[in-house]
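Enquirer:
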Amino acid sequence: LRRQIPEHQVMRSVRLCGTVVRVQGDDWFWDRIEANEWEPHTLGLLEELCRPGVTFIDVGAWIGPTTMAAAALGATVHAFEPDPVAGEHLRTNLDANMHLAERIRITNAAVGAANGRAFLAVHSSLGDSMTSVTNLSTGIETEVVDGLTTLAPLMEGTTVVKIDIEGGE
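When the letters of the sequence shown are read in order and numbered with the numbering used here, they come out as residues 866 to 1034.
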């Protein structure tokens, strides 16, 4: 069951990998998407690799640009995002794009070496795309899922994995 988007929520339409999507969030970012100035090589690779029958695993999904792009291209998507603010924006964006949402599953957790808890370090604010799991005991706590036992069962047939690790790409 999907939730209704509040009327006060500002949404806009953008073209993402050949599909028009409704999105909420920072206009500066979505302006960059429309101008093909945000990670054009990443989006180009998705256009080459993602299609119906492909599984796309998006570790560090943020507000959903690569998640929605892969789904728009026909892939089945498993998105992992530990930042609660970014995760809420991602859900809002999916709620506005029911034609994509049916192919996307979201897990609000980081992917790590073992199940458990970790701290999510915050660069400037939650949701800013720069949060990262840290060994330091600062930030907010987040759930961590074991990468091997969580991701391996999702990999059916052709699988594309994108891992966005702040400072570790």
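All C-beta atoms, glycine included, are put in the ideal place defined by N, C-alpha and C.
With DSSP as the reference, label Thr1024 as helix, strand or coil.
Expert: For the purposes of this step, residue 1024 is taken as the residue at position 159 of the sequence shown. DSSP places Thr1024 in strand when its eight states are reduced to three.
Enquirer: Does Ala983 come out as helix, strand or coil in the three-state DSSP assignment?
Expert: Stepping through the sequence shown from its first residue, residue 983 is reached at position 118. Looking at Ala983 - three-state DSSP - the assignment turns out to be strand.
Enquirer: Do the segment 915–927 and the segment 890–898 make contact, defined as three or more Cβ pairs closer than 8 Å?
Expert: Too few Cβ pairs lie closer than 8 Å, so no.
Enquirer: If you check the beta carbons only, do Leu910 and Ala934 fall under 8 Å apart?
Expert: Position 45 of the sequence shown, counted from the first residue, corresponds to residue 910. Position 69 of the sequence shown, counted from the first residue, corresponds to residue 934. No, Cβ-Cβ distance for Leu910 and Ala934 is not below 8 Å.
Enquirer: Return the residue from the list Val888, Glu902 and Val998 that minimises the CA-CA distance to Glu1006.
Expert: Within the sequence shown, numbered from 1, the residue matching residue 1006 stands at position 141. Of the candidates Val888, Glu902 and Val998, the one whose C-alpha sits nearest the C-alpha of Glu1006 is Val998.
Enquirer: Relative to the alpha-carbon of Leu914, which residue among Ala937, Trp903, Phe894 and Arg880 has its alpha-carbon at the smallest distance?
Expert: Here residue 914 is taken as the residue at index 49 of the sequence shown, counted from 1. It is Ala937.
Enquirer: Grab me the residues of Asp892's own chain with a C-beta within less than 6 Å of its C-beta, minus the 5 sequence neighbours each way, in chain order.
Expert: Taking the first residue of the sequence shown as 1, we reach residue 892 at position 27. Here the set comprises nothing.
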